[in-house]
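For the sequence shown, full-length UniProt numbering begins at 1 and goes up steadily by one.
What follows is a set of notes on a single structure, which appears directly below.
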Amino acid sequence: MPTPRNLLGELRPGREGWAEAMARLVAPATALAARGPAHQPATPSSNDPGATWFELVTRPLWGLAAHAAGGGRAPRQWDEVRAALTAAVDPGHTWYAGPPFDRNQRLVESAAVGYALAVAPHELWDPLTGAQRDHLAAWLSTAAAAEPVDNNWHFFPVLAATGLRAVGVAVDEAAVAAHLDRIEQFAAADGWYFDGPGRQRDYYNPFGFHYYGLQLLGLGVLDEQRAQRVRERATAFAAQFQHWFAADGSALPYGRSLGYRFAQGAFWSTLPVAGLATVPWAHARGLAERHLAWWWDQPILDRDGLLSVGYRYPNTGVVEQYLGGGSPYWGTKFFAALAVPAEHPFWTGEPAPADRRPRVELQPAPSMLVSHDAAGDVTALCGQEAYAWARGGTAKAAKFAYSTLAGFSVPTGGEGLGNGAYDSALALSDDGVHWRVRERGDCVLDGDTLRLTWHPWPDVAVRTTLRFDGGGHRRTHEIVTARTLHTAETGFCVPWTAAGHAPADAVEDAGRAEVASDGIASAVTDQGSSVPRAGQVLVPTAGGNVLFPRTALPMLTTDLEPGTHTLTCTTTLHRT
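Pasting the structure below:
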């Protein structure tokens, strides 16, 4: 599949380069959306076709509206968006996308429409006829009054109301205040938010809670007390979130909605909109620019130039069930800084280079230890819990470790270790066929060590400690079991593109497994466990890893009789 560089040309740095990149990225989407819902990409989304087409229509607005707010012009794209959107909200039109209703996907897209009305009414509102304005205002007012999912979705009616207010349509100010009050209740320590009662902490912090809060701050619609809390939380969050980015610009693959791709870096681009230098402007610009440059070289487009569904390559199996063909265009949130003028200090200075100092950062709020190695790659040791409802939810949130260099894998379906692709995990089985890994349990960050307690069966207790150790990390598991268990403990996957049935550069010894391929080496080594373990290199079923279609995985295996056991290992991952 082509990269943006292959299909759209070179990426120029700076404001003009970003504007070109945004326009080139959204052009195929707006053109396709303007052909009507029957022409949208066919993807296995859990949302109805009206909602998935509405995503394709509206999500490019995050980038287009920021561009227009900063004085940019994209006449063809705006003509296409207006034609599709006015039809989508007209109940008498054959392309009507349907009404927004409680906890429905259409509410998500109402935020993009509200944002665009607030910052670019000259493109989205002023050119409309009276009837078109009436239809759009009625649709958006219904969305603003609907009940959102009880998480970051509370921002959507606020943004819808912000757009309506900007074009002179009355809104329910008490309802807006109630949503903002509910958002306050999700605030956690150190500038983080829990994404709803499930208490997940992932990219919905930077491209959700903070992004929307900073946009509202920039629009001047928050009272001073709320505005000050947004500033304080964003400042505290930035000090930690900067460590989720590798020196090459890639961001830590972790959590759900990775299919929005470069939205991961939207936080840095939204800071100038709010006039908030949480880090020096040159540093924010460097983080953002390296991030976009990394994505520009990944095979994320289809042959027509549309953003594909997947993460580093097209793959609907590694994303959640709610993503459709237009979903990836949420990534255009990244271009928020186009709304500020060229003389803003975010644009006028040179972007700061990456900080390549090896270091370990303690991040209690997301229950993580985050390490940068000498090559600038990032590894995070993690103590969070699985998403109970999302496809691949255990793999996306509850593994022991995540890496910018190796990514992580989700199960591909079926039985066995190959289909499970349990990288960076301790997999347990009582029949040798069906395997269980950590999904939930207690987590304590004790200095430089994560201490986890989990129960894969009622009569099996596991106490796991994780800490960085030299060039890798060390794991110790104290296991008390009333049943016989098969165990498989794994390191990180490596990409494997060579011909053959298995990687040629593999080590399978007593107490050690190592595999090197495509410039990356991964190893797992036993460190004095109470039972001997055998090293093995597994080739997981293709298509499970978020970075690489085909991988190899080092693994230690042993069986445990009922009783108490200790398993200890170190894992390493590095470029070769």
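Just so it is clear, CB atoms sit at the ideal spot from N, CA and C, and this is done for glycine as well.
Exposure of residue i, with buried meaning 16 or more beta-carbon neighbours within 10 Å
i: residue 4; result: buried
i: residue 358; result: exposed
i: residue 532; result: exposed
i: residue 457; result: exposed
i: residue 566; result: exposed
i: residue 185; result: exposed
i: residue 258; result: buried
i: residue 108; result: buried
i: residue 432; result: exposed
i: residue 163; result: buried
i: residue 501; result: exposed
i: residue 335; result: buried
i: residue 206; result: buried
i: residue 216; result: buried
Simplified DSSP state of residue i, which is helix, strand or coil
i: residue 138; result: helix
i: residue 199; result: coil
i: residue 400; result: coil
i: residue 361; result: strand
i: residue 181; result: helix
i: residue 1; result: coil
i: residue 371; result: strand
i: residue 59; result: coil
i: residue 444; result: strand
i: residue 323; result: coil
i: residue 103; result: coil
i: residue 52; result: helix
i: residue 352; result: coil
i: residue 538; result: strand
i: residue 175; result: helix
i: residue 251; result: strand
i: residue 41; result: coil
First and last residue of the uninterrupted beta strand (DSSP E) at residue i
i: residue 212; result: No beta strand (DSSP E) holds residue 212; the alpha helix (DSSP H) holding it covers 211-219.
i: residue 478; result: 472-481
i: residue 555; result: 551-560
i: residue 378; result: 378-382
i: residue 434; result: Neither: residue 434 is in no beta strand (DSSP E) and is coded neither H nor E.
i: residue 46; result: Taken as a continuous stretch (DSSP letters only), residue 46 belongs to no beta strand (DSSP E), as it is neither H nor E.
Residue i - partner residues in DSSP beta bridges
i: residue 545; result: 409
i: residue 520; result: 517, 575
i: residue 462; result: 454, 479
i: residue 569; result: 475, 526
i: residue 468; result: 473
i: residue 193; result: 187
i: residue 508; result: 513
i: residue 64; result: Answer by DSSP bridge pairing: none, since residue 64 is not bridged.
i: residue 636; result: Residue numbering for the chain in the displayed model covers 1 to 576; residue 636 lies beyond these limits and cannot be assessed.
i: residue 301; result: 307
i: residue 449; result: 446
i: residue 494; result: 552
i: residue 564; result: 480
i: residue 245; result: 251
Spatial neighbours of residue i in its chain, beta-carbon cut-off 6 angstroms, leaving aside the 5 residues before and after
i: residue 572; result: 471, 472, 523
i: residue 392; result: 410
i: residue 445; result: 364
i: residue 550; result: 496, 542
i: residue 385; result: 398, 440
i: residue 304; result: 28
i: residue 442; result: 453
Same chain only: Cβ atoms within 7 angstroms of residue i, ignoring 5 sequence neighbours per side
i: residue 95; result: 36, 37, 87, 88
i: residue 577; result: Residue 577 is absent from the model: the chain starts at 1 and stops at 576.
i: residue 252; result: 244, 378, 380, 402, 404
i: residue 400; result: 381, 382, 424, 425, 466, 475
i: residue 152; result: 195, 204, 208, 209
i: residue 137; result: 164, 169
Residue range of the alpha helix (DSSP H) that includes residue i
i: residue 78; result: 75-88
i: residue 346; result: 345-348
i: residue 228; result: 224-241
i: residue 342; result: It is not in any alpha helix (DSSP H) - residue 342 carries neither H nor E in the DSSP assignment.
i: residue 163; result: 155-166
i: residue 488; result: From DSSP, residue 488 is part of no alpha helix (DSSP H) but of the beta strand (DSSP E) over 485-490.
i: residue 16; result: 14-33
i: residue 284; result: 281-296
i: residue 124; result: 121-124
i: residue 628; result: An answer regarding residue 628 cannot be provided, because it is not within the stretch 1 to 576 covered by the chain.
i: residue 11; result: Element bounds for residue 11: n/a, residue is neither H nor E.
i: residue 128; result: Segment: none, residue 128 is in no alpha helix (DSSP H) and carries neither H nor E.
i: residue 416; result: 416-420
Neighbour flag for residue i against chain C, beta carbons, 9 angstroms
i: residue 557; result: Of the chains in the structure shown, none is chain C; there is only one protein chain.
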